[in-house]
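Trainee: My questions all concern the structure below.
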């Protein structure tokens, strides 16, 4: 075969290859960023309750943050009911009128009820609370008609992600705990918490986040129990740990690359003389399939009536994937 014939053969072969139909592999879908918002204790009785009854709106100042989030979660720190009587031998008992839920409607997707005040007015008021919360389009979690319901995760599906949020209480009284056939809240037992996290993973959760009601009130730092449990939960598969209950913020840490926000403090609450109890954090997490991409906090300052306003002048804890430690950032108002 001469050079001319060889050239013609090569060109023909190339034409055949080029004419063969080819199908590129579909590109991997880009990870969707999901913005998940948490706030701490929401009190709708006392000062905030009076504000709401008078037509006020304690949460209005934070509407830009609520609007910017893909999902929003808070801790409902009391029953919302007309039934029940206050429990004996409990120093502080709270109950809100169901009409007060109007200020949460449209702002929250879910409310944790695993705390030390959900049972203040007994089981009937607790069950009534769950009904009222659902009636305004909000999902209660961390409690239910029995133990199974109380430990069932909150499932959020946003941006192609399946997120399981678990809620537990470990502050007295334990008599609020749900049982096999009686209503109540999810109690924090290490073995059960680990089992719940692993079960959520098996059920298809891309991310698992426990929302804890733990620690000692008015203490500015987490105790040894909180630290040990947070590490246990992350070792079991949690992507972040978020806490509340102490009525003050408690800082944040990173363990195995996962953020731990020890306590968000109060968000809507009055009646505290301690200045630190008149401050709380809004927590904004950005999530993707690999976990928490970044997170930051926004300082909320409460007035005498328990109404919070954002303070964007003070650096507060923040973090990003790859940062080995927590840093501080000055939050900005969302534009979304």
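Residue numbers (mature numbering (1 follows the signal peptide of the UniProt record, and there is no 0)): -24 to -1, 1 to 312.
All C-beta atoms in this analysis are idealised placements derived from N, C-alpha and C, irrespective of residue type, glycine included.
1. Measure the Cβ-Cβ separation of residue 244 and residue 34 and say whether it is below 7 angstroms.
2. Runs of 3 residues minimum, wholly inside the stretch 95 to 147: which ones carry the beta strand (DSSP E) assignment?
3. To the nearest angstrom, report how far apart residue 11 and residue 27 are at their CA atoms.
4. Expressed to the nearest angstrom, what Euclidean distance is found between the alpha-carbon atoms of residue 237 and residue 19?
5. For residue 75, does the three-state DSSP call read helix, strand or coil?
6. Would you call residue 160 buried or exposed, if buried means 16 or more other Cβ atoms sit within 10 Å of its Cβ?
7. Which runs of the alpha helix (DSSP H) fall wholly inside the stretch 158 to 200 and span at least 4 residues, in chain order?
8. Work out the CA separation of residue 263 and residue 3 for me, nearest whole Å.
9. May I ask you to verify whether the stretch 69 to 78 touches the stretch 117 to 135, counting CB pairs closer than 8 angstroms and requiring at least 3?
10. Please return the same chain residues whose Cβ sits closer than 6 angstroms to the Cβ of residue 104, not counting the five positions on each side in sequence.
11. Between which two residues does the beta strand (DSSP E) containing residue 293 stretch?
12. Give me the residue from 274, 269, 250 with the minimum Cα distance to residue 258.
13. Taking all protein chains shown into account, decide if residue 67 is buried (16 or more other Cβ within 10 angstroms of its Cβ) or exposed.
14. Assuming contact is defined by CB atoms lying nearer than 7 angstroms, are residue 162 and residue 185 in contact in what I supplied?
15. Between the C-alpha atoms of residue 304 and residue 280, what's the straight-line distance to the nearest angstrom?
16. Bridge partners of residue 12, per DSSP?
17. State the start and end residues of the unbroken alpha helix (DSSP H) segment that holds residue 287.
18. Would residue 53 and residue 107 qualify as a contact pair, given that the criterion is a beta-carbon distance under 7 angstroms?
19. Report the option in 218, 30, 246, 226 whose CA atom is closest to the CA atom of residue 234.
20. Roughly how many angstroms separate the alpha carbons of residue 269 and residue 47, rounded to a whole number?
21. If we ignore side chains and look at the alpha-carbon of each, how far apart do residue 248 and residue 289 end up?
22. Write down every uninterrupted run of the alpha helix (DSSP H) in the stretch 21 to 68 whose length is 4 residues or greater and which is fully enclosed by it, in chain order.
Mentor: Taking the structure as given:
1. yes
2. 115 to 117, 130 to 134, 137 to 145
3. 30 angstroms
4. 21 angstroms
5. helix
6. Looking at its Cβ environment, which holds 16 or more other Cβ atoms inside 10 Å, residue 160 is buried.
7. 166 to 178
8. In this predicted model, residue 3 has a pLDDT of only 44, less than 50, meaning its place in the structure is not dependable enough to derive any value.
9. no
10. 57, 59
11. 292 to 296
12. 274
13. exposed
14. no
15. 27 angstroms
16. 47, 261
17. That residue, residue 287, is in no alpha helix (DSSP H); its beta strand (DSSP E) goes 284 to 287.
18. no
19. Scanning 218, 30, 246, 226 for the CA closest to the CA of residue 234 turns up 218.
20. Residue 269 and residue 47: Cα-Cα distance of roughly 16 angstroms.
21. CA-to-CA, the gap between residue 248 and residue 289 works out to about 23 angstroms.
22. Here the runs fully enclosed are 22 to 29, 39 to 44.
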